[in-house]
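Asker: Order-wise, the sequence lines are chains A and B. In terms of the numbering used here, the first sequence opens at residue 6 and continues consecutively. In terms of the numbering used here, the second sequence opens at residue 35 and continues consecutively. We put the CB at the ideal spot given by N, CA and C, even for glycine. My structure is below; once you've seen it, I'll send some questions.
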Amino acid sequence: MKNPFGESEKKVLQPPATGVVIFGGTGDLAKRKLLPALYNLAYDGYLPPSFFILGASRSKLSDEEFRAAIYEGMNKFSRRPLKDEVWNEFSKRIHYQPVAFTDAADFKVLKNRLDALSQGQGQDLNYLYYLATDPGFFGPIATNLKSAGLVEDLNAQKATRLVVEKPFGKDLQSSIELNDILRQSFAEQQIFRIDHYLGKETVQNILVFRFANGMFEPLWNHKYIDHIQISVCESVGVESRAGYFDSSGILRDIVQNHLLQVLSLLCIEPPISLTADSIRDEKVKVLKSIRRYTAQDVAKSTVRAQYKSGHIDGLAVPGYLEEKGVPASSTTDTFVALDLRIDNWRWAGVPIYVRAGKRLAKRISEITVYFKNAPDALFRGQDECSIEQNVLAIQIQPNEGISLKISSKPPGPKIRVSPVVMDFNYGKSFGVALPEAYERLLLDAMKGEATLFTRNDEIEQAWDLLEPIFKAWSAGADQVPVYNYEAGTWGPQAAANLLKPLNHRWRRL
Amino acid sequence: MSDIYTKTSVKDISKTLTNLMRGFGDDQAGFEFTASKNFILFVPQDRQLEEAQKLLDAIVEIYPAKFFLVYLDDQLNDYNIGVTARCHILTKNRHSCAEIIRFGSPRNKLTGLPSLIRSQMLPGLDTEIFGFGLDMRSLESLTLLNPLADRIMFDSSQFNLSLIKNIWTINKKLVDFDWVRFAVWREEISSIFQKNSYQALIPQLERIVIQGSSNPTAYLAAGWILGRLGLQVSAFGNNEYECAYEYAYERLDRDLVALQILSDPNVTLKSISFVFKNGAKVVLENMHRLVISAQIDPLDNDKLSRSKNFDDQSLKACFARYLAIGESFKDYSLALERAFELETLAQSYF
Chain A
6 MKNPFGESEK
16 KVLQPPATGV
26 VIFGGTGDLA
36 KRKLLPALYN
46 LAYDGYLPPS
56 FFILGASRSK
66 LSDEEFRAAI
76 YEGMNKFSRR
86 PLKDEVWNEF
96 SKRIHYQPVA
106 FTDAADFKVL
116 KNRLDALSQG
126 QGQDLNYLYY
136 LATDPGFFGP
146 IATNLKSAGL
156 VEDLNAQKAT
166 RLVVEKPFGK
176 DLQSSIELND
186 ILRQSFAEQQ
196 IFRIDHYLGK
206 ETVQNILVFR
216 FANGMFEPLW
226 NHKYIDHIQI
236 SVCESVGVES
246 RAGYFDSSGI
256 LRDIVQNHLL
266 QVLSLLCIEP
276 PISLTADSIR
286 DEKVKVLKSI
296 RRYTAQDVAK
306 STVRAQYKSG
316 HIDGLAVPGY
326 LEEKGVPASS
336 TTDTFVALDL
346 RIDNWRWAGV
356 PIYVRAGKRL
366 AKRISEITVY
376 FKNAPDALFR
386 GQDECSIEQN
396 VLAIQIQPNE
406 GISLKISSKP
416 PGPKIRVSPV
426 VMDFNYGKSF
436 GVALPEAYER
446 LLLDAMKGEA
456 TLFTRNDEIE
466 QAWDLLEPIF
476 KAWSAGADQV
486 PVYNYEAGTW
496 GPQAAANLLK
506 PLNHRWRRL
Chain B
35 MSDIYTKTSV
45 KDISKTLTNL
55 MRGFGDDQAG
65 FEFTASKNFI
75 LFVPQDRQLE
85 EAQKLLDAIV
95 EIYPAKFFLV
105 YLDDQLNDYN
115 IGVTARCHIL
125 TKNRHSCAEI
135 IRFGSPRNKL
145 TGLPSLIRSQ
155 MLPGLDTEIF
165 GFGLDMRSLE
175 SLTLLNPLAD
185 RIMFDSSQFN
195 LSLIKNIWTI
205 NKKLVDFDWV
215 RFAVWREEIS
225 SIFQKNSYQA
235 LIPQLERIVI
245 QGSSNPTAYL
255 AAGWILGRLG
265 LQVSAFGNNE
275 YECAYEYAYE
285 RLDRDLVALQ
295 ILSDPNVTLK
305 SISFVFKNGA
315 KVVLENMHRL
325 VISAQIDPLD
335 NDKLSRSKNF
345 DDQSLKACFA
355 RYLAIGESFK
365 DYSLALERAF
375 ELETLAQSYF
């Protein structure tokens with residue numbers, strides 16, 4: 006029998022009693038994103054009454070020392086200023102345990118600590134293990150958690166879940182191996198792979214926009230859409246991550262995860278429900294349908310480049326090869342542009358151009374959908390009446406919103422056609438600051454809600470798609486050149502040339 | 035509203051603008067910030083900044099753009115950045131407002147300037163650069179800024195054709211406000227030859243005489259006329275051009291046409307005359323108003339004679355006209371190419 010009074014409202018908002026263990030608790034991700042996100046959840050009253058955070062790293066710190074270290078970061082990185090009464094309550098729930106990730110004995114100590122903390126809450130808590138560490142530690146941590154008895158069966162009363170950050174391997178084979186290792190300790194349903202783009206309101210809005218509005222879905226196919234562009238642009242360089250980045254490149258760092266996730270949401274068939282697997286099943290279908298490149302395709306349909314010295318916001322910046330920690334012979338891509346095609350009934354023949362890069366003119370991520378031109382029979386030959394394509398732009402960041410470019414008649418005595426833009430802006434429409442992606446993702450992870458997390462087959466399909474590119478690129482720059490672009494511009498000329506065969510142009514952002 | 039720029043730093047431009055907008059009432063009710071394009075007013079000579087600011091103050095009332103005032107000043111050590119907003123009344127309770135960001139730069143920091151502007155531009159919108167007081171020395175700076183823009187705007191009434199040629203090599207999409215001023219001449223010529231009796235004269239066209247100063251307008255006028263009539267310049271000698279019809283079938287029943295461009299340093303465009311073999315004439319003259327006279331048969335007393343006041347010739351009025359009515363610039367490109375040919379031919383003769 007169902008409860009005639011429905012679920013309690015609080016249950017919808019708040020997850021069950023949870024202890025969050027952050028492995029890498031003293032690291033950058035914890036300081037900049039995770040802890041501020043948890044603070045803001047506390048601020049909004051979304052954390053359950055029984056709750057604690059345990060930071061776990063190699064450093065030997067006491068609870069107080071850890072809290073003091075967090076406080077400084079919190080002030081700097083929280084989207085809201087710290088409020089004393091909220092912080093005082095919140096900080097009481099923050100604890101620390103030194104743990105060497107490869108030392109099984111430390112995990113036994115960890116278990117004792119967690120048991121004590123749970124007892125202090127007066128009840129059994131679910132555990133959420135967040136791996137904010139180097140990927141090399143994912144396997145050992147998962148294994149040690151299991152052997153210390155800190156992983157429950159999937160159907161146990163108490164839930165134990167593992168959250169891992171990208172990168173999920175560095176290619177198909179390593180991602181399969183990583184998943185095999187994790188699956189030795191955790192069931193698939195207990196593993197939550199974070200792609201923080203999925204936590205962004207604007208990315209979640211893609212589904213609502215497409216399927217809650219009757220007017221767009223009939224047009225969302227090859228009959229009406231001319232092409233799509235997806236751009237993920239950063240103005241920053243590699244900064245202090247040169248060592249990691251040089252072994253990765255932008256194709257792995259951004260395209261394999263964020264960009265392909267956004268693309269799959271943009272292009273899916275309507276799911277049968279909003280459950281996690283319904284949506285993820287459709288996303289996997291899109292990823293499977295994307296045409297795989299042959300070696301010849303890679304040369305023709307991909308562009309890779311590195312930034313050279315230039316200017317960002319008026320300041321001179323060095324080129325990639327001049328950055329500290331980057332080898333002089335590096336051919337690592339800091340920019341990539343791809344021409345992708347989805348071979349299914351909905352998208353046949355529609356080019357999907359994607360680009361991602363560092364040290365570009367500004368930080369902006371946008372999806373742009375170009376619709377096919379209206380027949381210009383009525384206006385052909387008339388002065389000032391050249392018709393432009395309707396363009397739907399979904400800006401993911403920084404100015405979250407949606408705009409639609411249409412043609413209109415400007416005021417005046419003559420029939421003329423001029424483009425105008427209809428705008429929806431989150432700030433103006435809803436009047437609230439958007440929550441950070443990690444707030445939503447952490448909340449969902451605590452609730453066991455997996456919709457916004459990537460499933461293993463999605464990750465493997467994404468790697469499978471990119472494998473031919475890695476192979477062709479590693480054959481050498483004479484096969485697929487590494488172009489240069491000036492920092493502060495929109496990338497190399499070769500990226501513009503990629504769109505030329507069909508008379509397309511990258512949108513100036 | 036104040037038009038004094040609030041000084042700010044690169045990283046605080048957006049914040050300063052936001053704070054500025056907050057000053058427009060508690061909820062900004064009735065204040066609409068409109069922008070359907072990016073507009074860069076580029077002033078390469080800082081001594082013209084005041085004049086440029088006046089133009090900007092006039093344009094913001096009629097042009098729906100996010101504005102950037104970019105000037106060069108070697109007295110500066112670093113970028114000088116300021117922001118302001120200008121509003122004007124749309125209706126009783128509504129104001130239309132525009133943001134203006136001013137960037138001053140010493141020449142030695144020029145290479146970083148595009149990156150500064152680019153980061154503030156509105157995405158996906160058309161961008162125009164208006165070069166105010168351009169000269170040959172400023173072409174290098176214009177070349178640097180050009181990648182930001184879809185088209186370059188200027189007023190060629192102060193230029194020579196050689197400068198336009200150089201700008202043309204930087205960007206083929208040009209908007210010349212002197213062409214907008216020339217519109218009234220084009221309209222009147224078109225109106226005259228709308229009549230069948232005057233159209234019938236065209237195969238007997240013998241000579242075109244254009245009188246004007248050495249600036250581009252006279253050459254552009256010539257280029258436009260030649261283009262519309264399908265005439266190509268084939269030779270230059272004795273201070274006149276020999277023009278032949280482009281299409282062979284037209285050459286069958288039509289002779290060569292002479293084109294003369296006579297110098298008059300006092301006025302941009304003094305007159306345009308069409309002279310026909312049978313003595314018929316169509317003359318348009320600038321006598322502080324446009325005076326048109328035409329006679330089909332010189333022996334006939336039946337003459338067409340009228341005059342028309344020139345529109346407001348100011349840049350602001352040209353902008354307003356460009357917005358309200360638009361100007362067809364497809365003929366401009368053709369006219370410009372022909373004007374270049376005319377000048378090149380004359381120069382090579384000497």
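1) Which residue or residues does DSSP assign as beta-bridge partners of A:G481?
2) For the segment 355 to 378 of chain A, enumerate the residues whose C-beta is nearer than 8 Å to any C-beta of chain B, in chain order.
3) How about B:D37: is its C-beta nearer than 8 Å to some C-beta of chain A?
4) So, are the CB atoms of B:I223 and B:I295 less than 8 Å apart?
5) Identify the continuous beta strand (DSSP E) that holds A:G2 and give its terminal residues.
6) Using DSSP bridges, identify the partner residues of B:L110.
7) Just to make sure I have the definition right: I need the residues of chain A whose C-beta is within less than 9 Å of the C-beta of B:P28. Which are they?
8) Might you give, ordered along the chain, the residues of its own chain that have their beta carbon closer than 6 Å to the beta carbon of B:F164, omitting 5 neighbours on each side?
9) Looking at the C-beta of A:R513, does it have a partner C-beta in chain B at a distance below 8 Å?
10) Name, in chain order, the residues that DSSP records as bridge partners for B:L254.
11) Apply the 10 Å Cβ neighbour rule to B:A282 and answer buried if 16 or more other Cβ atoms are within range, or exposed otherwise.
12) For B:V309, which residues in chain A fall below 7 Å Cβ to Cβ?
13) Cβ of A:S335 within 8 Å of Cβ of A:V322?
14) Starting from B:T145, find everything on chain A with Cβ-Cβ shorter than 9 Å and list it in chain order.
15) Counting contacts by CB-CB distance shorter than 8 Å, is B:L150 in contact with chain A?
16) Kindly list the residues whose CB is nearer than 6 Å to the CB of B:F102, restricted to its own chain and excluding five residues on each side of it in sequence; keep chain order.
17) Is the distance from the Cβ of A:V208 to the Cβ of A:V289 below 8 Å?
18) With a threshold of 8 Å between beta-carbons, can A:V60 be considered close to chain B, or not?
19) Drop a sphere of 10 angstroms on the beta-carbon of B:K364, count the other beta-carbons inside from all chains shown, and report buried for 16 or more, exposed for fewer.
20) What distance in whole Å lies between the Cβ atoms of B:T302 and B:G246, which are believed to be in contact at a cut-off of 8 Å?
21) For A:L503 and A:S123, what's the separation of their Cα atoms in angstroms?
22) Tell me which residues of the segment 75 to 90 of chain B have at least one Cβ-Cβ distance to chain A shorter than 8 Å, keeping chain order.
23) To which residues of the same chain is B:A358 closer than 8 Å at the C-beta, ignoring the five residues directly before and after it?
24) Output, in chain order, the set of chain A residues within a Cβ distance shorter than 8 Å of B:A369.
25) If you compare alpha carbons, which of A:I277, A:L292, A:Y375, A:D302 is closest to A:E393?
26) So, for A:N262: in the same chain, excluding its five sequence neighbours on each side, which residues have a beta-carbon less than 6 Å away from its beta-carbon?
27) Could you work out which residue in A:N349, A:S253, A:V485 is closest to A:S294 when comparing CA atoms only?
28) Flag A:G493 as yes if its beta-carbon sits less than 8 Å from any beta-carbon of chain B, otherwise no.
29) Within the 8 Å Cβ cut-off, does A:V396 reach chain B?
30) 8 Å is my cut-off, CB to CB: does A:V267 come that close to chain B?
31) Could you give the residue range of the beta strand (DSSP E) that holds A:Q189?
32) Shorter than 8 Å from the beta carbon of B:A358 to some beta carbon of chain A?
33) Please classify B:F344 as buried or exposed, where buried requires at least 16 other C-beta atoms within 10 Å of its C-beta.
34) Counting only Cβ-Cβ distances shorter than 9 Å, please list the residues of the segment 406 to 430 of chain A near chain B, keeping chain order.
35) Please compile the residues from chain A whose C-beta is within a distance smaller than 8 Å of the C-beta of B:G385.
36) Please tell me whether B:Y113 has its Cβ less than 8 Å away from any Cβ of chain A.
Answerer: The relevant details are as follows:
1) DSSP output for A:G481 lists no bridge partner at all.
2) A366, K367, I369, E371, T373
3) Because the pLDDT of B:D37 is 48, which lies under 50, any placement of that residue in the model is unreliable, and the question is left without a value.
4) no
5) Here chain A has residues from 6 to 514 only, and residue 2 of chain A is not among them.
6) Beta-bridge pairing links B:L110 to no other residue.
7) Nothing about residue 28 of chain B can be read from this structure; chain B reaches only from 35 to 384.
8) L75, M187
9) yes
10) For B:L254, which the question treats as bridged, DSSP gives no partner whatsoever.
11) exposed
12) The premise fails here: B:V309 is roughly 30 Å from chain A at the closest Cβ pair, so nothing lies under 7 Å.
13) no
14) G315, H316, A321
15) yes
16) I74, I135, I151
17) no
18) Per the sequence shown, residue 60 of chain A should be read as Gly rather than Val. No, because no Cβ of chain B sits closer than 8 Å to the Cβ of A:G60.
19) exposed
20) 6 Å
21) 57 Å
22) none
23) none
24) Within 8 Å Cβ-Cβ: nothing; B:A369 doesn't reach chain A, min ~15 Å.
25) A:Y375
26) K171, D200
27) A:N349
28) yes
29) yes
30) no
31) Neither: A:Q189 is in no beta strand (DSSP E) and is coded neither H nor E.
32) yes
33) exposed
34) S408, K410, P415, P416, G417, P418, K419, R421, S423, P424, V425, V426
35) The structure shown does not extend to residue 385 of chain B, since chain B is modelled only from 35 through 384, so no value can be given for it.
36) yes
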